[in-house]
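S.K.:
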Ligand code: 5GP
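In full-length UniProt numbering, the protein residues as written are 1 to 118.
1. Helix, strand or coil for residue 40 per DSSP?
2. Is the segment 80–87 in contact with the segment 44–54, if contact means three or more CB pairs nearer than 8 Å?
3. Taking the DSSP output, what are the residues bridged to residue 107?
4. Determine, using beta-carbon pairs with one atom in the segment 99–107 and one in the segment 64–79, whether at least three such pairs fall under 8 Å.
5. Does DSSP put residue 99 in a helix, a strand or coil?
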């Protein structure tokens with residue numbers, strides 16, 4: 001699947017749509033999900049143009065991959081959800097109901113999330 005430069009997260013990265021930013025560095029942007037499913041529900045995205053996990057894991061540089069994973073851990077610490085626990089999810093393509101075709105990771109926590117994934 002070709003990357004769609006008009007997807008919502010690409011627009012957020014270009015500053016065309018606002019977001020509640022919680023973290024940013026050279027490779028990564030993180031912001032609150034607009035329809036949060038838990039007290040902490042943050043989307044962590046690479047600044048590079050990757051459609052999904054499959055695309056990112058195949059094409060991103062080691063620096064980008066490390067930066068994104070480190071950001072998840074740093075945000076979890078900042079939100080004080082390491083002790084209590086959190087969930088990290090990424091939806092890839094149709095069976096996972098991926099809605100936005102720019103790779104992103106959901107970080108969920110701040111309450112008991114139950115045993116289901118979404
Ligand atoms: P997916 O199903 O692709 O893994 O999840 C996409 C997520 O993006 C959903 O949880 C949805 O609430 C969130 N989302 C969609 N549009 C926007 C938006 O414009 N701003 C923000 N902050 N989140 C969005």
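The beta carbon of each residue, even a glycine, is placed where N, CA and C say it ideally should be.
Note that the structure is predicted; figures quoted are calculated from it, not measured.
M.R.: Short version:
1. The three-state secondary structure of residue 40, taken from DSSP, is strand.
2. At 8 Å Cβ cutoff, the stretches do not touch.
3. In DSSP, residue 107 forms a bridge with 42 and 88.
4. Enough Cβ pairs lie closer than 8 Å, so yes.
5. Three-state result, residue 99: coil.
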